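Engineer: Residue numbers for the sequence shown, in numbering that gives the first Met the number 0: 0 to 459. Built from N, CA and C at the ideal position, the CB exists for glycine as well. All values reported here derive from a predicted model rather than from experimental measurement. Submitted below is the structure of interest, expressed as structure tokens.
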Amino acid sequence: MSFSLAERNDTIIALATPQGIGAIAVIRLSGAKAIDLCNEVFHGKDLLKQDSHTIHFGTIRDEEKIIDEVLVSLFIAPKSFTKENVVEISTHGSSYIINQVIKLFLKKGARLAKPGEFTQRAFLNGQFDLAQAEAVADLIHADTESSHEAALNQMRGGFSTEIQELREKLIHFASMIELELDFGEEDVEFASRTELKELVERLLRVVEELILSFDLGNVIKNGVPTVIAGKPNAGKSTLLNALLKEEKAIVSDIAGTTRDFIEDEININGVIFRFIDTAGLRETQDTIEAIGVTRTQEKMKTASLILYLFDLGDTDLVDINRDVNKLENLGVPFVKVANKTDKADPKLLATLKKEHPDALFISAKNQENLEALRAKLIELVNLDKFKTGNTVVTNIRHYDGLIKTRDSLLDILKGLEDQVTNDFVAMDIRRSLHYLGEITGEITTDDLLANIFSKFCIGK
Ligand code: GDP
């Protein structure tokens, strides 16, 4: 999908609120003729004589037939989301009314918007850069506090500003080096090699940090992949069910919300924990065998967090120490959870508390101490890093761009070390600039844009 210039001048229309029945639906028009078209079918004040950012009550009519009573909001170019004339029509939320209104505008000359076309116009008209446009999509899909915070930060330009600053510094060096190239034979040095090296090293640190933040960004966006591991009968499925049951209760407690309860996910303080391979856990007893079975280990490696559960009524210290040892070697953060406190041998309990002071003691069946377990899970994902307002990369395209930037920065450093000629240094700098520019959209291709905006829904 790419847009010709003529298409860009069309006035586009789409339903901005979700499909289905609601109290109110909002239909959005954008384009030079948006207000004129609306004025043709709106009975009320003359919309062409109204100020921007005003709302007007009236009826929408097809010839003399009233379709609905509506509120019309006006945004006159360039003071709108797309920087074009925008009209938002709030109608009653029946699909019949929505269809009639949209059909009427199509008859009058508007065209149905393509997926993401409103946001694409906003980008093309300079409302924001590409990274910010993508954050609009993330924001729409963000349904936890932390993913919302990351998307909002990005949409407001946190990530872009950081990239922009790096890019400008590099551009400065690139132009200095190009200047040296112009002087050809003469032995001038406008760009100090030592300073360039320092700058590139600084850029590398920032880029590396952004790359690392992607893990965290991914967690924020998609949830923390979590595995409950332990011997058969340790109580894994009982624990999972207990956690999910409480989650279900919390979800349905919030009156009037429509957030679906998602099987196998729990939300703790705005962070989603996604339990891996829980189907097997709940259907059969023995799908997760004792730690050490290769298949289980493979699965555990894909987890960001392991909940190691053992049965206080049926484990000895040797077993536990051996398992803990294996977990330490695996390198995935884990929490030791002793289950069935209700039938624990007091002596074993005392020894355990001494040897494993960081273990948690719960009863899955009686739902005891689950609050402490939840607190521990949150502590393990270490979201403090994120709360300090650091930029977090959540988008795979940006991550990819950052990896390529890092590699080309490393090439600059290598070139400097090997004392390659200026034209090679200049080439590597240009490559870094190119990748940084692709992230913010200063460098785009139709394919790239089409790819990004087609992932939006219609109406965005
Ligand atoms: P899994 O094989 O690890 O999934 O273990 P299950 O969740 O199926 O539990 C095995 C048995 O332990 C079941 O009979 C549970 O009712 C029981 N169980 C789980 N948690 C507790 C607990 O806290 N106390 C007691 N006494 N029994 C429990």
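#1: On a CA-only basis, which of Ile227, Leu180, Phe158 is nearest Ala462? Give me that one, please.
#2: Please classify Glu83 as buried or exposed, where buried requires at least 16 neighbouring CB atoms within 10 angstroms.
#3: Taking Val206 as the reference, which of Ile88, Tyr398, Asn268, Phe74 has the closest Cα?
#4: Compute the distance between the beta-carbons of Gly458 and Phe122, then report whether it is under 8 Å.
#5: If I'm right that Ala337 touches Leu306 with Cβ under 8 Å, what's the distance once you round it to whole angstroms?
#6: Within a Cβ cutoff of 8 Å, which residues of the same chain sit near Lys375, ignoring the five residues on either side of it in sequence?
#7: Would you kindly report the start and end of the unbroken beta strand (DSSP E) that includes Pro224?
#8: Assuming Ala112 and Ala13 form a contact by the criterion Cβ under 8 Å, report the distance between their Cβ atoms to the nearest whole angstrom.
#9: Would a C-beta distance cut-off of 8 Å place Ile162 and Ile438 closer than the cut-off?
#10: With contact counted as at least three CB pairs below 8 Å, one residue from each stretch, are the segment 114-131 and the segment 32-41 in contact?
#11: Candidates Asp322, Met299, Ala343, Lys325: which alpha carbon is nearest Asp313's?
#12: Considering only residues of the same chain and omitting the five flanking positions on each side of Ile96, which have a CB-CB separation below 7 Å?
#13: Should Asp341 be counted as a contact of the ligand GDP given a C-beta to heavy atom distance under 7 Å?
#14: Check whether the segment 412-429 and the segment 189-209 are in contact - that is, three or more C-beta pairs closer than 8 Å.
#15: Between which two residues does the beta strand (DSSP E) harbouring Leu14 extend?
#16: Answer yes or no: the CB of Lys364 versus the heavy atoms of the ligand GDP, is any distance below 7 Å?
#17: Check for me: the alpha helix (DSSP H) holding Glu39 runs from which residue to which?
#18: For Ser94, is the classification buried or exposed, using 16 other Cβ atoms within 10 angstroms of its Cβ as the cut-off for buried?
#19: Assuming Lys325 is part of the alpha helix (DSSP H), what are its boundary residues?
#20: Considering only residues of the same chain and omitting the five flanking positions on each side of Leu103, which have a CB-CB separation below 8 Å?
#21: Within its chain, find whatever has a CB closer than 8 Å to the CB of Ile402; leave out the 5 residues flanking it on each side and keep chain order.
#22: Between Glu133 and Ile451, how many whole angstroms is the CB-CB distance? I'm expecting something under 8 Å.
#23: With a threshold of 16 other CB atoms inside 10 Å of the CB of Glu116, please say whether the residue is buried or exposed.
#24: My parser needs the alpha helix (DSSP H) runs of 4 or more residues fully inside the segment 43-115; what are they?
#25: Would you call the CB atoms of Leu379 and Leu347 closer than 8 Å?
#26: Take the Cβ of Ser236 as the centre, count every other Cβ of all protein chains shown within 10 Å, and call the residue buried at 16 or more, exposed below.
#27: Classify Ala449 as helix, strand or coil using the three-state DSSP reduction.
#28: Give the C-beta separation of Gly222 and Ile267 to the nearest angstrom, bearing in mind that I take them to be a contact with Cβ-Cβ under 8 Å.
#29: Considering just the uninterrupted stretch of the beta strand (DSSP E) at Ser29, what are its terminal residues?
#30: Using a threshold of 8 Å, state whether the C-beta atoms of Val69 and Leu28 are closer than that.
#31: Please state the DSSP three-state secondary structure of Val135.
#32: Could you give the DSSP three-state label for Phe333: helix, strand or coil?
#33: Taking 7 Å as the cut-off, is the beta-carbon of Ala24 closer than that to any non-hydrogen atom of the ligand GDP?
#34: Whole angstroms is fine: what's the gap from Leu151's alpha carbon to Pro345's?
#35: What are the boundary residues of the beta strand (DSSP E) that Phe127 is part of?
#36: Report yes if the CB atom of Ile20 is closer than 8 Å to the CB atom of Gly92, and no otherwise.
Structural biologist: In brief:
#1: With the chain covering only 0 through 459, there is no way to say anything about residue 462.
#2: One-based indexing of the sequence shown puts residue 83 at position 84. By the neighbour-count rule (16 or more Cβ atoms within 10 Å), Glu83 is buried.
#3: Taking the first residue of the sequence shown as position 1, residue 206 is located at position 207. Of Ile88, Tyr398, Asn268, Phe74, the residue nearest in Cα terms is Tyr398.
#4: Residue numbering aside, residue 458 sits at position 459 when the sequence shown is read from its first letter. Residue numbering aside, residue 122 sits at position 123 when the sequence shown is read from its first letter. No; because the gap between Cβ atoms is not below 8 Å, this pair is not in contact.
#5: The residue you call residue 337 lines up with position 338 of the sequence shown. The residue you call residue 306 lines up with position 307 of the sequence shown. Contact annotation, Ala337 with Leu306: C-beta distance approximately 12 Å; criterion of less than 8 Å not satisfied.
#6: Taking the first residue of the sequence shown as position 1, residue 375 is located at position 376. Excluding sequence neighbours, Lys375 sits near Val334, Leu359.
#7: Here residue 224 is taken as the residue at index 225 of the sequence shown, counted from 1. 223-228 is the extent of the beta strand (DSSP E) around Pro224.
#8: As a position in the sequence shown, residue 112 is number 113, starting the count at 1. As a position in the sequence shown, residue 13 is number 14, starting the count at 1. Indeed they touch by this definition, with Cβ atoms about 4 Å apart.
#9: Translated into positions along the sequence shown, residue 162 becomes position 163. Translated into positions along the sequence shown, residue 438 becomes position 439. Contact flag set, yes.
#10: Look at the beta carbons and you see the segment 114-131 not touching the segment 32-41: under three pairs across the two are nearer than 8 Å.
#11: Position 314 of the sequence shown, counted from the first residue, corresponds to residue 313. Of Asp322, Met299, Ala343, Lys325, the residue nearest in Cα terms is Ala343.
#12: If you number the sequence shown from 1, residue 96 lands on position 97. Here Ile96 has Ile66, Asp67, Thr90 as same chain residues with Cβ atoms under 7 Å from its own Cβ, once five neighbours each way along the sequence are excluded.
#13: The residue you call residue 341 lines up with position 342 of the sequence shown. Shortest gap from the CB of Asp341 to any heavy atom of the ligand GDP: under 7 Å.
#14: They touch, by the three-pair rule.
#15: Locating residue 14 in the sequence shown gives position 15, counting from the first residue. Its beta strand (DSSP E) spans residues 11-14.
#16: Locating residue 364 in the sequence shown gives position 365, where the first residue counts as 1. Yes, since a heavy atom of the ligand GDP falls inside the 7 Å radius drawn around the Cβ of Lys364.
#17: The residue you call residue 39 lines up with position 40 of the sequence shown. Its alpha helix (DSSP H) spans residues 33-40.
#18: As a first step, residue 94 is located in the sequence shown; it is residue number 95 there, counting from the start. Ser94 comes out exposed.
#19: Numbered from 1 along the sequence shown, position 326 holds the residue referred to as residue 325. Lys325 -> alpha helix (DSSP H) spans 316-329.
#20: What you label residue 103 is simply residue 104 of the sequence shown in a count that begins at 1. So the qualifying residues of the chain are Val40, Ile59, Asp61, Ile66.
#21: Position 403 of the sequence shown, counted from the first residue, corresponds to residue 402. Same-chain partners within the cutoff: Ile210.
#22: On the sequence shown, residue 133 is found 134 positions in, with the first residue counted as 1. On the sequence shown, residue 451 is found 452 positions in, with the first residue counted as 1. In this structure Glu133 touches Ile451 by the C-beta definition: roughly 6 Å separates them, less than 8 Å.
#23: On the sequence shown, position 117 is the one that residue 116 refers to. Buried, because 16 or more other Cβ atoms sit within 10 Å of the Cβ of Glu116.
#24: 94-107, all fully within the segment 43-115.
#25: By one-based count along the sequence shown, residue 379 stands at place 380. By one-based count along the sequence shown, residue 347 stands at place 348. In this structure, Leu347 does not lie closer than 8 Å to Leu379 by Cβ.
#26: Against the sequence shown, residue 236 aligns to sequence position 237. Residue environment analysis places Ser236 among the buried positions, since at least 16 neighbouring C-beta atoms fall within 10 angstroms of its C-beta.
#27: Against the sequence shown, residue 449 aligns to sequence position 450. Secondary structure at Ala449: helix, using DSSP grouped into helix, strand and coil.
#28: For the purposes of this step, residue 222 is identified with residue 223 of the sequence shown, where counting begins at 1. For the purposes of this step, residue 267 is identified with residue 268 of the sequence shown, where counting begins at 1. Incorrect: roughly 11 Å between the Cβ atoms, too far for contact.
#29: The residue labelled residue 29 in the question sits at position 30 within the sequence shown. 21-29 is the extent of the beta strand (DSSP E) around Ser29.
#30: Looking up residue 69 in the sequence shown gives position 70. Looking up residue 28 in the sequence shown gives position 29. Taking 8 Å as the Cβ cut-off, Val69 and Leu28 do not qualify as a contacting pair.
#31: Sequence index remark: in the sequence shown, residue 135 carries index 136 (1-based). DSSP places Val135 within a helical segment (H, G or I) once states are collapsed to three.
#32: Taking the sequence shown and counting its residues from 1, one reaches residue 333 at position 334. Three-state result, Phe333: strand.
#33: Mapped onto the sequence shown, residue 24 falls at position 25. No, Cβ of Ala24 sits at least 7 Å from all heavy atoms of the ligand GDP.
#34: To locate residue 151, count along the sequence shown from 1; it is residue 152. To locate residue 345, count along the sequence shown from 1; it is residue 346. Leu151 and Pro345 have their C-alpha atoms spaced approximately 51 Å apart.
#35: Walking along the sequence shown from the start, residue 127 turns up at place 128. Per DSSP, Phe127 belongs to no beta strand (DSSP E) and is neither H nor E.
#36: The residue you call residue 20 lines up with position 21 of the sequence shown. The residue you call residue 92 lines up with position 93 of the sequence shown. Going by C-beta atoms, Ile20 is nearer than 8 Å to Gly92.
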